[in-house]
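Peer 1: Protein chains in written order, with the numbering used here: chain F, 30 to 166; chain G, 456 to 533.
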Amino acid sequence: MDEPINLVLFSGTDDKLQAAAVLTAGAAALGKPVNVFLQYWALDAFRRERIDRDHGLAPEAGVEGRAHVDALREAGQVSWAETFRQAKELGTVDIQACSLSMDLLGIEEANLDSLVDGVEGVTAFYLNAGTGQVVFI
Amino acid sequence: MTTLEIVAQVDARGLSCPMPIVRTAQGIKPLAPGALVEVLTTDPGSQKDFVAWCRSTGNELVEQSVDGAVYRFVIRRK
């Protein structure tokens, strides 16, 4: 079977999470397993009560970028959370929270959205990543 | 010459990447091997995406055409 694609999500803005969700869903559609490791602000965005909120955009987006993103959204673009959900239905997508980031942000597993499959450390992440590519977003 | 019998349709018009592929992968799953599915999209990227997806997954891209802003694909399930 294919080596997994391994995405480390660090940034918690909607644009970067959207890009990560698109990469995840694309890989899932090709039958490639995907491991997603949530750190820092990306993990914060996966809190159950925050996942559907507006998480802003990366600083480089600016006003013009904001307008482009809003236009896509108004045209009916599927949210990043929903894109991850569909990717999980379609393929083998495992989403894990970084245990250090959990401590740092004071998050309990019960606070996380059901998209998150569990909590692990960086060693477990690398073990599951095998020789597959690691992408940091 | 055999007439193509399309048994399912995926209407992904108006959807942006990667949803046309995601919907197609979902839609083709329950079909029998050899079944034909018709896909409609408006995302220009889907022209290359469907070629790549079919090559990678082993499904066969039987037809590919453009009608105005709508791309049409007929895919035979592996």
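Where is the CB? At the ideal position from N, CA and C, for every residue including glycine.
Given the structure is predicted, the values throughout are model-derived calculations rather than measurements.
Say whether chain G places a C-beta atom closer than 8 Å to the C-beta of G105 of chain F.
Peer 2: By this cut-off, G105 of chain F is an interface position.
Peer 1: Along the chain, where does the beta strand (DSSP E) that runs through T496 of chain G open and close?
Peer 2: 491–496 is the span of the beta strand (DSSP E), which, as asked, contains T496 of chain G.
Peer 1: With a 10 Å radius around its C-beta and 16 neighbouring C-beta atoms as the bar for buried, classify G159 of chain F as buried or exposed.
Peer 2: So G159 of chain F counts as exposed.
Peer 1: Measuring only the C-alpha atoms, how far is G98 of chain F from V163 of chain F?
Peer 2: The identity of residue 98 of chain F in the sequence shown is Val, whereas the question assumes Gly. Distance between the alpha carbons of V98 of chain F and V163 of chain F: 27 Å.
Peer 1: Verify the CB distance criterion: does G469 of chain G have a CB-CB separation below 8 Å to chain F?
Peer 2: It does: the Cβ of G469 of chain G has a partner Cβ on chain F nearer than 8 Å.
Peer 1: Pairing CB atoms from the segment 134–153 of chain F with CB atoms from the segment 465–482 of chain G, are three or more of them under 8 Å?
Peer 2: With a cut-off of 8 Å, the segment 465–482 of chain G and the segment 134–153 of chain F do not count as touching, because too few Cβ pairs lie within range.
Peer 1: Using the C-alpha atoms, what's the distance from V477 of chain G back to L486 of chain G?
Peer 2: Between L486 of chain G and V477 of chain G, the C-alpha separation is close to 15 Å.
Peer 1: Count the other C-beta atoms from every protein chain shown that fall within 10 angstroms of the C-beta of A87 of chain F, then say buried if there are 16 or more, exposed otherwise.
Peer 2: That one is exposed.
Peer 1: Output, in sequence order along the chain, the residues in the segment 44–63 of chain F whose CB is closer than 8 Å to any CB in chain G.
Peer 2: Hits within the stretch, in order: V51, A54, G55, A57, A58, L59, G60.
Peer 1: Which of the three DSSP states is assigned to Q125 of chain F in this structure?
Peer 2: In the structure shown, Q125 of chain F sits in a strand (DSSP, three-state: E or B).
Peer 1: Quick one: what's got a C-beta closer than 6 Å to G150 of chain F's C-beta in the same chain, skipping five residues either side?
Peer 2: Contacts found: S128.
Peer 1: Excluding sequence positions up to five away, which residues of its chain have a Cβ less than 8 Å from the Cβ of G85 of chain F?
Peer 2: Closer than 8 Å at the Cβ level, and outside the excluded window around G85 of chain F, lie T42, D43.
Peer 1: Could you pull the DSSP bridge partners for V172 of chain F from this structure?
Peer 2: What the structure shows of chain F is the stretch from 30 to 166, and residue 172 of chain F is not part of that stretch, so it cannot be assessed.
Peer 1: CA-CA distance, F39 of chain F and I136 of chain F?
Peer 2: Roughly 16 Å separates the two Cα atoms.
Peer 1: Between Q115 of chain F and chain G, is any beta-carbon pair separated by less than 8 Å?
Peer 2: Yes, contact with chain G.
Peer 1: In chain order, what residues of the segment 89–101 of chain F put their CB closer than 8 Å to some CB of chain G?
Peer 2: Under the 8 Å Cβ criterion, the segment 89–101 of chain F contributes L101.
Peer 1: If you measure between the beta carbons of V494 of chain G and P473 of chain G, is that distance less than 8 Å?
Peer 2: Cβ distance not < 8 Å, so V494 of chain G and P473 of chain G don't count as in contact.
Peer 1: In this structure, how does DSSP classify D43 of chain F when only helix, strand and coil are distinguished?
Peer 2: Of the three classes helix, strand and coil, the one that applies to D43 of chain F here is helix, per DSSP.
Peer 1: Locate the beta strand (DSSP E) running through A467 of chain G, then write down its first and last residues.
Peer 2: 461–467 is the span of the beta strand (DSSP E), which, as asked, contains A467 of chain G.
Peer 1: Can you pull out the residues from the segment 473–486 of chain G whose beta carbon lies closer than 8 Å to at least one beta carbon of chain F?
Peer 2: Listed by position along the chain: P473, M474, I476, V477, T479, A480, Q481.
Peer 1: Starting from the beta carbon of L119 of chain F, find every residue of chain G whose beta carbon is closer than 8 Å, and list them in chain order.
Peer 2: What L119 of chain F touches in chain G: V477, A480, Q481.
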